[in-house]
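Have a look at the structure below, then the notes.
Number of protein chains: 2
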Amino acid sequence: MPIATDLEQSLRSAALRVTRPRVAVLSAVQTHPHADTDALLQAVRADIGEVSHQAVYDVLRALTGAGLVRKIEPQGSVARYESRVGDNHHHVVCRSCGVIADVDCATGDTPCLTASNDRGFVIDEAEVVYWGLCPTCLP
Amino acid sequence: MPIATDLEQSLRSAALRVTRPRVAVLSAVQTHPHADTDALLQAVRADIGEVSHQAVYDVLRALTGAGLVRKIEPQGSVARYESRVGDNHHHVVCRSCGVIADVDCATGDTPCLTASNDRGFVIDEAEVVYWGLCPTCLP
DNA sequence: CCAGTTGTCTTGACTCGTTCAAGAAAACAG
DNA sequence: CTGTTTTCTTGAACGAGTCAAGACAACTGG
Numbered sequence: 003m004p005i006a007t008d009l010e011q012s013l014r015s016a017a018l019r020v021t022r023p024r025v026a027v028l029s030a031v032q033t034h035p036h037a038d039t040d041a042l043l044q045a046v047r048a049d050i051g052e053v054s055h056q057a058v059y060d061v062l063r064a065l066t067g068a069g070l071v072r073k074i075e076p077q078g079s080v081a082r083y084e085s086r087v088g089d090n091h092h093h094v095v096c097r098s099c100g101v102i103a104d105v106d107c108a109t110g111d112t113p114c115l116t117a118s119n120d121r122g123f124v125i126d127e128a129e130v131v132y133w134g135l136c137p138t139c140l141p
Numbered sequence: 003m004p005i006a007t008d009l010e011q012s013l014r015s016a017a018l019r020v021t022r023p024r025v026a027v028l029s030a031v032q033t034h035p036h037a038d039t040d041a042l043l044q045a046v047r048a049d050i051g052e053v054s055h056q057a058v059y060d061v062l063r064a065l066t067g068a069g070l071v072r073k074i075e076p077q078g079s080v081a082r083y084e085s086r087v088g089d090n091h092h093h094v095v096c097r098s099c100g101v102i103a104d105v106d107c108a109t110g111d112t113p114c115l116t117a118s119n120d121r122g123f124v125i126d127e128a129e130v131v132y133w134g135l136c137p138t139c140l141p
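Chains as they are written, first to last, in my numbering: chain W, 3 to 141; chain P, 3 to 141.
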């Protein structure tokens, strides 16, 4: 886990003001990968005390917009956040318990980015979600 | 568009009772690919008159469970349904207007189904969403 | 170091897609 | 045709996320 100064540095370099809620949210996202908003709220409150609900939503939106965190929302799940950005990786979701794990890209750096027929779309990102069962949910 | 009898046949072969709302919903999904629940509700009402939105939700769940339609929910969008099932195809979503188009699989029949590191998961499906701009939203 | 400005946090209400529950109605089996 | 079972209707409820207004704190320029 990066020390507070690193987190502040990240915020500053993204032209975001450094506030206790922001540092705490950023820290929580890094220590709880793939956590949902509510879990992050709990973590932030455990860290710096009472924080509004709203602040966390707002901070997450700001961080997402700045590219410091990434928002993922698999079907049937609420929004989740992760701090691993910049590298092109994907996710496996367990159909049974809903746990999410990272998977590195199957074929090189900028993978599956070419659809067989793009229908005239200009594609800038390919997002892959693998569905299956995690080791602990296997029969 | 299949005639009513075909739709009934599909329902029967899926062990589902044949009712007017079901036939109308199934028909609407086929004629309005990637439509959201509300649009389907409109279409169904235009077809057979007043129907409760609850019935549409229930029918869509039944059809999804039976594998007759597929539910897709891209980030930031409400649930959408399509009747193209069984073949392995993916979607392109326009970042600007949200329109969705089908894309055939990039590399063969069962594509991207092998992650580089599966972390012990048993993967049974890979879902790919391409993000970009559609022809009409291009600058 | 201080005040001003701008952006952020708090509070509280609210929206919207979706689901739950109970009873009426309709489809299928015999 | 009758009975059983599933499905539809009605109406209410839920929860994640959003909107709005004002209090407040972080950066900037003097």
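Glycine is no exception: its CB is placed at the ideal position from the N, C-alpha and C atoms.
Remember, it's a predicted structure, so these values are computed and weren't measured experimentally.
Can you say whether residue i is buried or exposed, counting buried as having 16 or more other CB atoms within 10 angstroms of its CB?
| i | result |
| --- | --- |
| Ser98(P) | exposed |
| Glu52(P) | exposed |
| Ser54(P) | exposed |
| Gly69(W) | exposed |
| Gln56(P) | exposed |
| Ala30(W) | buried |
| Val87(P) | exposed |
| Ala128(P) | buried |
| Leu13(P) | buried |
Which one or two residues does DSSP pair with residue i in a beta bridge?
| i | result |
| --- | --- |
| Leu135(W) | Val124(P) |
| Val105(W) | His92(W) |
| Pro38(P) | Per the sequence presented here, residue 38(P) reads as Asp, with Pro not at that position. Beta-bridge pairing links Asp38(P) to Arg82(P). |
| Val130(P) | Val130(W) |
What does residue i touch in chain P if you count any residue whose Cβ is under 9 Å from its own?
| i | result |
| --- | --- |
| Gln77(W) | Lys73, Ile74, Glu75, Ala81 and Glu129 |
| Pro137(W) | Arg121, Gly122, Phe123 and Val124 |
| Gly134(W) | Asp120, Phe123, Val124, Ile125, Asp126 and Glu127 |
My understanding is that residue i touches residue j, with C-beta atoms under 8 Å, so please give their C-beta distance in whole angstroms.
| i | j | result |
| --- | --- | --- |
| Val130(W) | Val130(P) | 5 Å |
| Ala37(P) | Tyr83(P) | 7 Å |
| Pro76(P) | Ile102(P) | 7 Å |
| Ser188(W) | Gln32(W) | With chain W running from 3 to 141 in the structure shown, residue 188(W) is simply not present. |
| Tyr132(P) | His91(P) | In fact, because the Cβ distance is near 11 Å, the residues do not count as touching under 8 Å. |
| Pro35(P) | Val61(P) | Contact flag wrong, Cβ pair sits at about 17 Å. |
| Gly134(P) | Phe123(W) | 5 Å |
List, in chain order, every chain W residue whose beta-carbon is nearer than 9 Å to that of residue i.
| i | result |
| --- | --- |
| Val87(P) | Those do not exist, as Val87(P) stays about 15 Å from chain W at its closest Cβ, beyond 9 Å. |
| Leu70(P) | Those within 9 Å of Leu70(P) in chain W number zero; the least Cβ separation is about 18 Å. |
| Glu62(P) | According to the sequence as given, residue 62(P) is Leu; it is not Glu. The contacting residues do not exist; Leu62(P) stays about 14 Å from chain W at best. |
Which bits of chain P does residue i rub up against, with CB to CB less than 7 Å?
| i | result |
| --- | --- |
| Leu140(W) | Val124 |
task = Output the residue ranges of the beta strand (DSSP E) runs that lie fully inside the segment 54 to 100 of chain P and measure 3 residues or longer, sorted by chain position.
result = Within the segment 54 to 100 of chain P, the runs of beta strand (DSSP E) at least 3 residues long that lie entirely inside it are, in chain order, 72 to 74, 82 to 84 and 91 to 96.
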